[in-house]
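Trainee:
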Amino acid sequence: MSKQKLAAIRGMNDLLPADAPLWETFEARVVDLLKSYGYQQIRTPILEHTAVFTRGIGEVTDIVEKEMYSFTDTLNGEQLTLRPENTASVVRAVIEHNLLYDGPRRLWYMGPMFRHERPQRGRYRQFHQVGAEALGFPGPDVDAELILMLKRLWDVLGVGPVRLELNSLGQLDERLQHRKDLVAYFERHHGQLDADARRRLHTNPLRILDTKNPAMQPLVEGAPRLIEYLGDASRAHFERLQQLLRANGVEYAINPRLVRGLDYYNLTVFEWITDRLGAQGTICGGGRYDPLIEMLGGKPAPACGFAIGVERVIDLMREAAGVPQRPLCDVYVLHQGGATLAAAMRAAESMRDTGLDVLLHAGESSLKSQMKKADASGAEFAVIVGEAELAAGTAAVKALRARDGAWPFAEQKAVALDRLGDALVEALESLSE
Ligand code: HAM
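35 is the number of the first residue of the sequence shown in the working numbering; add one for each residue after it.
#1: Can you give me the Cβ contacts of residue 48 inside the same chain, cut-off strictly under 8 Å, excluding the 5 residues immediately before and after it?
#2: At the level of alpha carbons, what is the spacing between residue 312 and residue 160?
#3: Measuring only from the beta carbon, is residue 296 closer than 7 Å to any heavy atom that is part of the ligand SAH?
#4: Residues in the same chain with beta-carbon distance under 8 Å from residue 401, minus the five sequence neighbours each way, listed in chain order, please.
#5: Looking at C-alpha atoms only, which residue of 345, 359 and 303 is the closest neighbour of residue 338?
#6: State the CB to CB distance for the pair residue 264 and residue 308, rounded to an integer number of angstroms; the pair is presumed to be in contact (CB under 8 Å).
#7: DSSP three-state call for residue 77: helix, strand or coil?
#8: When every heavy atom of the ligand HAM is checked, does at least one fall within less than 7 Å of the C-beta of residue 110?
#9: Excluding sequence positions up to five away, which residues of its chain have a Cβ less than 8 Å from the Cβ of residue 298?
#10: Considering residue 341, what are the terminal residues of the beta strand (DSSP E) in which it resides?
#11: Report all residues from its chain with a CB closer than 6 Å to the CB of residue 200; omit the five preceding and five following residues, and keep chain order.
#12: State the start and end residues of the unbroken beta strand (DSSP E) segment that holds residue 147.
#13: Tell me which residues share the same chain as residue 238 and place their Cβ nearer than 6 Å to its Cβ, disregarding the 5 neighbours each side in the sequence.
#14: I want to check one thing, is the minimum distance from the CB of residue 119 to the heavy atoms of the ligand HAM below 7 Å?
#15: For the segment 384–411, which segments carrying the beta strand (DSSP E) assignment without a break, of at least 3 residues, lie completely within its bounds, in sequence order?
#16: Cα separation between residue 395 and residue 414?
#17: Pull up the distance between the alpha-carbon of residue 300 and that of residue 310, whole angstroms please.
#18: If you measure from the CB of residue 72, is any heavy atom of the ligand HAM nearer than 7 Å?
#19: Can you check the segment 135–205 for any alpha helix (DSSP H) of at least 4 residues that lies completely inside it and give the ranges in chain order?
#20: Report yes or no: do the segment 134–146 and the segment 181–188 share at least 3 C-beta pairs separated by less than 8 Å?
#21: Could you tell me the alpha carbon to alpha carbon distance between residue 234 and residue 103, rounded to whole angstroms?
#22: Measuring only the C-alpha atoms, how far is residue 172 from residue 366?
#23: Contact defined as beta carbons within less than 8 Å: I believe residue 411 pairs with residue 362. What is the distance between those atoms, to the nearest angstrom?
#24: Does the beta carbon of residue 127 fall short of 7 Å from some heavy atom of the ligand HAM?
#25: My output table needs one value for residue 321: the three-state DSSP class, helix, strand or coil.
#26: Can you tell me the Cα-Cα spacing of residue 81 and residue 113, whole angstroms?
#27: Out of 282, 356 and 167, point me to the one whose CA is closest to residue 54's CA.
#28: Give the DSSP bridge partners of residue 431, in chain order.
#29: Can you tell which of 336, 430 and 353 has the C-alpha that lies nearest to the C-alpha of residue 381?
#30: Looking at C-alpha atoms only, which residue of 348, 273 and 448 is the closest neighbour of residue 202?
#31: Identify every residue that forms a DSSP beta bridge with residue 103.
#32: Does the Cβ of residue 163 lie closer than 7 Å to at least one heavy atom of the ligand HAM?
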C-alpha cells in the first residue's frame, strides 16, 4: 500500500480549530441578523442535476463554461454538478415544493460552493456563501431592504468600510437593443478586440464590458451604455431604489459597467467591494433576477437576492479584531482514578446540567500535571475530586484566573459534590455583575 502523504485538494481548505471561533462568531451574527429581517432558512443539496445551473446561470458564462465540477454518475448516467452557487438551486427547490403558493418568501442559506477557478487569496475552489433570496416581491423596496440589511451586517461584524456599487440591467428588450448597438460598435472596432472579446462578441458581448484587460479599457469606455437604453419602468425602479437608499443614509456609486457574471439578472445589480483584500475585493454580489423562476420552469415571479463570500468577510474580520480567544471550558475536573473518576464523572455531568462547560480530565496522571492542563485550558475553575475529598463528599474548588476583589474561590475551598454546579454558576454570575 502506498504511504504517500494525503493532502486536501488544491483550493479546498480545512477549517482548523484555531480559526473556528471567528467562523462561529460570523455565523451566529449573520443568522441573528437574517432572522431579525424575517428570513427563513433553506438547505438544498450540494449536488444538483447539471441543467439547474446551465439553464439557470446561462451557458455562456465563465461559471458554466469553465468552472463547474460536473460529472456523470456512473451508476445511472445522470449529469450532475457540485453547486457553483445557490440561487438556481433555491429557485429549483421553491418551484419543486411550490413555496410561493401563499405569497412571497424571504429565504436564506449558508454553505460550501464549488468553482474550478485558479486559487489565490480570497479565491478558492471550495468556498462558502451566505445568501438571501427574496422571492415574489416586484418592487425596489425589497432591493433597498436587502442592501440595508447588508450595510447593517458590515457594522455588526465590524469589517470596516466597504463600498457599494450599483447598476441597472433593465429588461430583456432593453438589453437586446443595447446589445445590438454594442455588437455593431465592437464590430466597427474589431481590430482592437482581444481574443476573449472576439469569442464573446456574438455570444455574450455584455461581458466584454467587464474585461480586466487594460488595453481594452479605452474601447470599453466609449461603448454604448446600457443605462441609456432603459425604458420608463426600468428607470423608475432604479430611481426609486436610489431614493430609498439615500433616505436611509446608504452611500453608493453607480457603476455602469457592473454586469455580474450570471445571466439571470435584470434591473438592479450591486456589489460590495473593499480595497483591503487585494484583487478579490468583492465581498458580496447580488441583484434582481425576475426571469429565473420562469427559466427553471416555474410560474413567473419576481425575485431579488445576494450572496456573501464568507472567506473574504472572515479575512476582514480577522484583520479588524483578530481571532477571538475562547477558553475550552468553564470548569476543568481533576481526579485520582478509581472511585474518584466515577465520582468526578458524575460531578461533571451534574455541572453540565446547570449549563456549565466542563472538561473532565481523561486518562490518569498526577494532580500536578492535571493542574497544568487545567490552567492551559483557559477554565475559570479547577474542581479536584481527590480521594480525601471524595471521602468527605466534597470537591476542592480553585479559581484559576487572578481577579480583583473578594473572588469566591481565590483560596481553594471545599464544596459539597451536589452543590458544585449551583456554587460555580453563582460565582460566574458574580463575576459578570
Ligand atoms: P457571485 O458574484 O458569483 O454571485 O458570488 C457572490 C460572492 O461569492 C462573491 O462576491 C465572492 O465574495 C464570493 N465568491 C465567488 N467565487 C468565489 C471563490 N472562487 N472563492 C471565494 N469566494 C468566492 C452569486 O453567487 C449569486 N448567486 C448571488 C445572488 C444571490 N444573486 C442573487 N441572489
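Heads up, the beta-carbon is just placed ideally off N, CA and C, and yes, glycines get one too. Predicted model, so just to flag it, every value in this text is computed and none were measured.
Mentor: This is what the structure gives:
#1: So the list reads 42, once near-sequence residues are dropped.
#2: 19 Å
#3: The ligand SAH is not part of the structure shown, which contains the ligand HAM as its ligands.
#4: 368, 370, 418 and 420
#5: 303
#6: The pair is not a contact, with the Cβ atoms about 29 Å apart (cut-off 8 Å).
#7: coil
#8: With a cut-off of 7 Å, the C-beta of residue 110 is classified as distant from the ligand HAM, since no heavy atom of the ligand falls inside that distance.
#9: 90, 91, 92, 121, 122, 323, 325, 326 and 329
#10: Counting along the chain, the beta strand (DSSP E) containing residue 341 begins and ends at 337–343.
#11: 286, 288 and 304
#12: 139–148
#13: 94
#14: yes
#15: 392–394
#16: 15 Å
#17: 29 Å
#18: no
#19: 174–191, all fully within the segment 135–205.
#20: By the criterion of at least three beta-carbon pairs nearer than 8 Å, the segment 134–146 is not in contact with the segment 181–188.
#21: Rounded to whole angstroms, residue 234 and residue 103 show a C-alpha spacing of 23 Å.
#22: Residue 172 and residue 366: Cα-Cα distance of roughly 56 Å.
#23: 4 Å
#24: no
#25: strand
#26: Computed Cα separation, rounded: 10 Å.
#27: 356
#28: 417 and 447
#29: It is 430.
#30: Nearest of 348, 273 and 448 to residue 202, Cα basis: 273.
#31: 116
#32: A distance criterion of 7 Å places the beta-carbon of residue 163 in contact range of the ligand HAM, judged by its closest non-hydrogen atom.
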